[in-house]
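Q:
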Amino acid sequence: MGRAVTVATCALNQWALDFEGNLERIFRSIDIAKSRGARYRLGPELEICGYGCSDHYYESDTLLHSFQVLAKLLESPATQDIICDVGMPVLHRNVRYNCRVIFLNKKILLIRPKISLANAGNYRELRWFTPWNKARHVEEYFLPRIIQEVTGQETVPFGDAVLATKDTCLGTEICEELWAPNSPHIEMGLDGVEIFTNSSGSHHVLRKAHTRVDLVNSATAKNGGIYILANQKGCDGDRLYYDGCAMISMNGETVAQGSQFSLDDVEVLVATLDLEDIRSYRAEISSRNLAASKVNPYPRVKVNFALSCSDDVAVPTCMPIQWRHHSPEEEISLGPACWLWDYLRRSKQAGFLLPLSGGIDSSATACIVYSMCHQVCLAVKNGNADVLADARKIVNDETYVPEDPREFCKRIFTTCYMASENSSQDTCNRAKLLAEQIGSYHINLNIDAAVKAIVGIFSMVTGRMPRFSVYGGSSRENLALQNVQARIRMVLAYLFAQLTLWTRGMPGGLLVLGSANVDESLRGYLTKYDCSSADINPIGGISKTDLKNFIQYCIENFQLTALRSIMSAPPTAELEPLVEGQVAQTDEADMGMTYAELSIYGKLRKIAKAGPYSMFCKLVNTWKEICTPREVASKVKHFFRMYSINRHKMTTLTPSYHAENYSPDDNRFDLRPFLYNTTWSWQFRCIDKQVNALD
């Protein structure tokens with residue numbers, strides 16, 4: 001009697017609308033799965049077209065090309081004698097569904113539409129798809145002719161059903177369904193399904209991985225069974241990084257763990273597991289068995305195929321392992337680095353340019369690029385031919401082999417310190433030393449001539465010369481003079497990004513990196529169209545607190561001693577005149593709040609959904625030991641006033657790596673007005689009333 005089943009799951013670095021590349025990666029995963037004895041292969045959500053197609057899902061071309069890829073898979077000898085489970089959009093009776101297409105030996109067994117659609121945060125699936133609301137119901141789906149010609153089938157089952165093979169029963173979940181309170185695996189498990197599969201398009205957020213792992217393990221802890229999860233990995237064309245973590249779990253314990261961050265385009269996990277372990281586990285859970293006797297059965301699609309062999313007594317099975325989680329600092333080091341690599345190679349640019357100020361934010365960005373160089377060299381050392389080929393294209397050298405991260409960094413990373421008369425020698429030295437230690441090609445320039453020219457034009461036209469406040473100018477003059485410096489730096493950054501390689505006799509251009517963190521974006525503590533305006537920003541979703549911890553991690557793990565002085569220096573924009581040669585301007589004094597407070601405001605505003613009054617009510621208790629109610633009210637009012645005044649800046653925010661659930665990204669994640677009544681008169685009056693009552 002067959003009892004040892006061998007199954008495979010994978011993490012694929014798919015790219016939206018890259019049908020040719022996506023097909024090639026699917027084939028590679030199937031080949032690896034078969035070579036390791038798997039009889040079932042699961043892939044990520046919507047892997048054929050790529051998850052991030054967005055409004056391209058409306059186009060008939062996306063459906064057509066998905067079916068063309070499916071036809072290639074069906075007719076290929078590579079897909080014979082293995083159940084293949086792939087994801088693609090399907091139009092059924094003029095309604096578009098997010099589906100799994102499960103096939104074996106040129107025959108489609110089942111098309112299973114997604115039941116619970118992801119529609120919060122970064123997800124907008126209800127915009128493009130309709131959930132399948134007919135529980136345990138199956139209809140006939142009429143196949144397009146290009147598929148009929150391969151399979152010889154006119155119709156196939158479409159709906160909420162499970163597969164019954166000769167030795168077990170498999171049921172499907174798709175991404176969000178695992179996270180839903182009424183996950184299908186609960187009822188499927190009670191109905192005798194032993195293997196649950198989940199194809200995901202789940203993106204990285206700091207400190208999120210353990211939640212996904214816990215959900216998978218808990219899915220079978222109470223009910224028994226095997227749970228197989230596949231996930232997309234990499235940047236498929238937008239702000240998200242899908243972080244792999246493919247896994248296989250049985251009876252509440254992990255038996256196979258995939259990597260969360262890697263440069264491998266295809267990663268396959270294979271596990272051999274004993275079905276009898278599920279049956280014996282379930283046998284003693286009396287509450288489960290009582291519930292199972294009353295369950296409404298699922299339609300079963302019979303499959304004349306087994307996932308096990310008849311004589312498998314001597315086949316070794318996988319044992320439970322301990323999941324190894326990354327620290328948040330490791331996540332910052334690896335996730336944005338992998339995202340940058342995907343963006344660089346897929347944009348076909350020759351590297352990056354970063355305005356390096358000598359402060360924490362730009363230094364953290366530089367360290368992430370350096371970490372990317374480490375990952376590239378490590379991947380090449382481990383025999384990754386794809387990474388080697390991409391590196392050679394980027395540096396335009398067919399014989400090049402990246403071995404030393406500092407040497408590779410010199411080729412693809414340019415840093416630029418843009419001094420002004422308000423810059424200190426300390427920040428200049430810090431930037432230069434860090435550039436030397438990571439190996440970047442470093443440029444030192446002075447922007448004073450450009451600033452004087454711009455201000456001179458204004459003075460010539462108006463007859464007035466603006467002054468800094470320390471020289472008697474108004475706050476308006478002071479701010480305008482700071483903004484001119486900041487915006488000049490953006491213009492110069494793009495000029496040098498386009499032409500620096502030209503001056504060095506090298507082909508191509510550079511992507512400009514931004515380095516505004518999530519907290520100062522939330523507060524609006526940045527100049528619109530300054531160096532925060534760039535092509536992409538790897539730290540735009542990361543808090544100042546986490547960046548400081550990451551800098552400490554880099555000191556210890558990359559031996560970047562230059563970061564010690566950067567860590568100890570107070571954050572400053574260096575846009576106002578020096579006082580006796582020393583920096584007098586600091587970020588926190590300018591903002592009227594600390595970065596630690598900003599992080600708290602951000603989490604309350606977005607994650608706790610708190611408006612001004614609710615935020616005050618929460619903080620008046622949280623901060624009761626350090627602030628009076630009136631002080632709390634003043635802080636909350638100041639935050640909301642500055643947030644609303646500056647919200648318009650979020651509409652032009654550089655595309656940033658999404659890493660925090662309190663990100664103020666206006667593009668898709670944090671949808672708010674950008675023209676507010678900044679007096680918040682009603683809301684602030686409610687706060688004042690409460691303060692008076694507490695006094």
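Take the sequence shown: its position 517, counting from 1, is numbered 517 in this note's numbering, and each next residue is one higher.
Think of the CB as a built atom: it goes at the ideal place given N, C-alpha and C, for glycine as much as any other residue.
The structure displayed is predicted, hence computed values, not measured ones.
Straight-line CA distance for ASN661 to ILE607?
A: As a first step, residue 661 must be located in the sequence shown, where it is residue number 661. As a first step, residue 607 must be located in the sequence shown, where it is residue number 607. Spanning the two alpha carbons is a distance of roughly 7 Å.
Q: Assuming contact is defined by CB atoms lying nearer than 7 Å, are PHE468 and LEU481 in contact in what I supplied?
A: Sequence index remark: in the sequence shown, residue 468 carries index 468 (1-based). Sequence index remark: in the sequence shown, residue 481 carries index 481 (1-based). Yes, Cβ-Cβ distance for PHE468 and LEU481 is below 7 Å.
Q: Grouping DSSP H, G and I as helix and E and B as strand, with all else coil, what is TYR601?
A: Position 601 of the sequence shown, counted from the start, is the residue given in the question as residue 601. It is helical.
Q: Grab the span of the alpha helix (DSSP H) containing PRO355 for me, first residue to last.
A: Working through the sequence shown from its first residue, we reach residue 355 at position 355. It is not in any alpha helix (DSSP H) - PRO355 instead sits in the beta strand (DSSP E) that spans 352-355.
Q: Enumerate in chain order the residues of its own chain whose CB-to-CB distance from MET650 is below 6 Å, with the five nearest sequence positions on each side excluded.
A: Mapped onto the sequence shown, residue 650 falls at position 650. Correct list, in chain order: PRO664 and ASP666.
Q: With distances taken from CA atoms, which of GLU253, ILE447, HIS204 and SER286 is nearest MET490?
A: As a position in the sequence shown, residue 490 is number 490, starting the count at 1. Of the candidates GLU253, ILE447, HIS204 and SER286, the one whose C-alpha sits nearest the C-alpha of MET490 is ILE447.
Q: Please go through the stretch 216-278 and give each complete beta strand (DSSP E) segment of 3 or more residues, from N-terminal end onward.
A: Those beta strand (DSSP E) runs which fall completely within the stretch 216-278 and span 3+ residues are 226-234, 247-250, 253-257 and 266-274.
Q: For ALA337, tell me which candidate among LEU240, GLY592, TRP132 and VAL620 has the shortest Cα-Cα distance.
A: Locating residue 337 in the sequence shown gives position 337, counting from the first residue. Closest by alpha carbon: LEU240.
Q: Taking the alpha-carbon of ASP386 as reference, which of VAL7, ALA4, ASN13 and THR9 has the nearest alpha-carbon?
A: Counting from 1 along the sequence shown, the entry for residue 386 is found at position 386. The residue with the shortest Cα to Cα distance from ASP386 is ASN13.
Q: Which ranges would you report for the alpha helix (DSSP H) in the stretch 471-495 if only whole runs of at least 4 residues count?
A: Counting whole runs of 4 or more residues, the stretch 471-495 contains no alpha helix (DSSP H) stretch at all.
Q: If you measure between the beta carbons of VAL295 and ASP160, is that distance less than 7 Å?
A: Counted from its first residue, the sequence shown places residue 295 at position 295. Counted from its first residue, the sequence shown places residue 160 at position 160. No; because the gap between Cβ atoms is not below 7 Å, this pair is not in contact.
Q: Exposed or buried, which one is LEU501 when buried takes at least 16 other CB atoms within 10 Å?
A: To locate residue 501, count along the sequence shown from 1; it is residue 501. Looking at its Cβ environment, which holds 16 or more other Cβ atoms inside 10 Å, LEU501 is buried.
Q: Quick one: residues in its chain with C-beta nearer than 7 Å to the C-beta of VAL395, no 5 flanking neighbours on either side, listed in chain order?
A: One-based indexing of the sequence shown puts residue 395 at position 395. Around VAL395: ARG411 and ILE412.
Q: Among THR561, SER515, PRO655 and PHE496, which one has its Cα closest to the Cα of GLY509?
A: Looking up residue 509 in the sequence shown gives position 509. Comparing Cα-Cα distances from GLY509 to each of THR561, SER515, PRO655 and PHE496, the minimum goes to PHE496.
Q: Rounded to whole angstroms, what's the CA-CA distance from GLN425 to TYR370? Just pull it up for me.
A: Locating residue 425 in the sequence shown gives position 425, where the first residue counts as 1. Locating residue 370 in the sequence shown gives position 370, where the first residue counts as 1. So the alpha carbons of these two residues sit roughly 24 Å apart.
Q: Name the DSSP beta bridge partners of GLY159, please?
A: If you number the sequence shown from 1, residue 159 lands on position 159. Answer is VAL138.
Q: Going by CA-CA distance only, name the one from LEU353, VAL455, CYS554 and GLN232 that's closest to LEU492.
A: On the sequence shown, position 492 is the one that residue 492 refers to. Closest option to LEU492, Cα to Cα, is LEU353.
Q: Pull the bridge partners of PHE103 from the DSSP assignment, please.
A: Within the sequence shown, residue 103 is the residue found at index 103, counting from 1. DSSP output for PHE103 lists CYS84 and ILE108 as bridge partner(s).
Q: In chain order, what residues of the same chain lie with their CB nearer than 8 Å to the CB of ARG747, ignoring the 5 residues before and after it?
A: Past the boundaries of the shown model lies residue 747; the chain is included only from 1 to 695, so the question cannot be answered.
Q: Please classify ASN22 as buried or exposed, where buried requires at least 16 neighbouring CB atoms within 10 angstroms.
A: Here residue 22 refers to the residue found at position 22 when the sequence shown is read from its first residue. Buried is the call here.
Q: Sorted by chain position, which residues of the same chain lie with C-beta nearer than 6 Å to SER362's C-beta, five sequence neighbours on each side aside?
A: If you number the sequence shown from 1, residue 362 lands on position 362. So the list reads LEU356 and SER515, once near-sequence residues are dropped.
Q: Going by alpha carbons, who is nearest to ASN384 out of VAL266, ALA366 and MET418?
A: Locating residue 384 in the sequence shown gives position 384, counting from the first residue. Looking at the Cα atoms, VAL266 is the closest of the given residues.
Q: Straight-line CA distance for LEU388 to VAL7?
A: By 1-based counting over the sequence shown, the position of residue 388 is 388. By 1-based counting over the sequence shown, the position of residue 7 is 7. Taking the straight line joining both Cα atoms gives about 30 Å.
Q: Within a Cβ cutoff of 8 Å, which residues of the same chain sit near PHE27, ignoring the five residues on either side of it in sequence?
A: Taking the first residue of the sequence shown as 1, we reach residue 27 at position 27. The residues are LEU73, SER76 and ALA78.
Q: List in chain order: all unbroken alpha helix (DSSP H) runs of 4+ residues lying wholly within the stretch 356-407.
A: Counting only runs of 4 or more, we get 360-381 and 385-395.
Q: Thinking C-alpha only, which one of GLY335, PHE684, ASP670 and ILE600 is nearest ARG630?
A: On the sequence shown, residue 630 is found 630 positions in, with the first residue counted as 1. Closest by alpha carbon: PHE684.
Q: Taking 8 Å as the limit between beta carbons, can you name the residues of its chain near GLU140, skipping five residues before and five after?
A: Translated into positions along the sequence shown, residue 140 becomes position 140. Excluding residues within five positions, the ones whose Cβ falls inside 8 Å are THR155, VAL156, PRO157 and PHE158.
Q: Using 8 Å for Cβ pairs, my map puts ILE321 next to GLN257. What's the rounded Cβ distance?
A: Taking the first residue of the sequence shown as 1, we reach residue 321 at position 321. Taking the first residue of the sequence shown as 1, we reach residue 257 at position 257. Yes, ILE321 and GLN257 are in contact; Cβ-Cβ is about 6 Å, under 8 Å.
Q: Under three-state DSSP, which class holds PHE550?
A: Residue mapping note: residue 550 aligns to position 550 of the sequence shown, counting from 1. Helix at PHE550.
Q: Straight-line CA distance for TYR51 to SER293?
A: Position 51 of the sequence shown, counting from 1, holds the residue named residue 51. Position 293 of the sequence shown, counting from 1, holds the residue named residue 293. TYR51 and SER293: Cα-Cα distance of roughly 39 Å.
Q: Can you tell me whether DSSP reads CYS696 as helix, strand or coil?
A: Residue 696 cannot be examined here, being either before or after the span of the chain that is shown, 1 to 695.
Q: Can you name the start and end residues of the alpha helix (DSSP H) that TYR643 belongs to?
A: In the sequence shown, counting from the first residue as 1, residue 643 sits at position 643. TYR643 -> alpha helix (DSSP H) spans 629-646.
Q: Taking only three categories from DSSP, how would you classify CYS49?
A: In the sequence shown, counting from the first residue as 1, residue 49 sits at position 49. Note: CYS49 maps to coil in three-state DSSP.
Q: Just to confirm, is the Cβ distance from ARG668 to ASN122 under 7 Å?
A: Against the sequence shown, residue 668 aligns to sequence position 668. Against the sequence shown, residue 122 aligns to sequence position 122. Contact flag set, yes.
Q: For the candidate residues LYS222, VAL512 and ALA246, whose alpha-carbon lies nearest to that of TYR494?
A: Working through the sequence shown from its first residue, we reach residue 494 at position 494. Ranking LYS222, VAL512 and ALA246 by Cα distance to TYR494 puts VAL512 first.
Q: The beta strand (DSSP E) that contains VAL315, what's its start and end?
A: Working through the sequence shown from its first residue, we reach residue 315 at position 315. First-last for VAL315: undefined, no H or E at that position.
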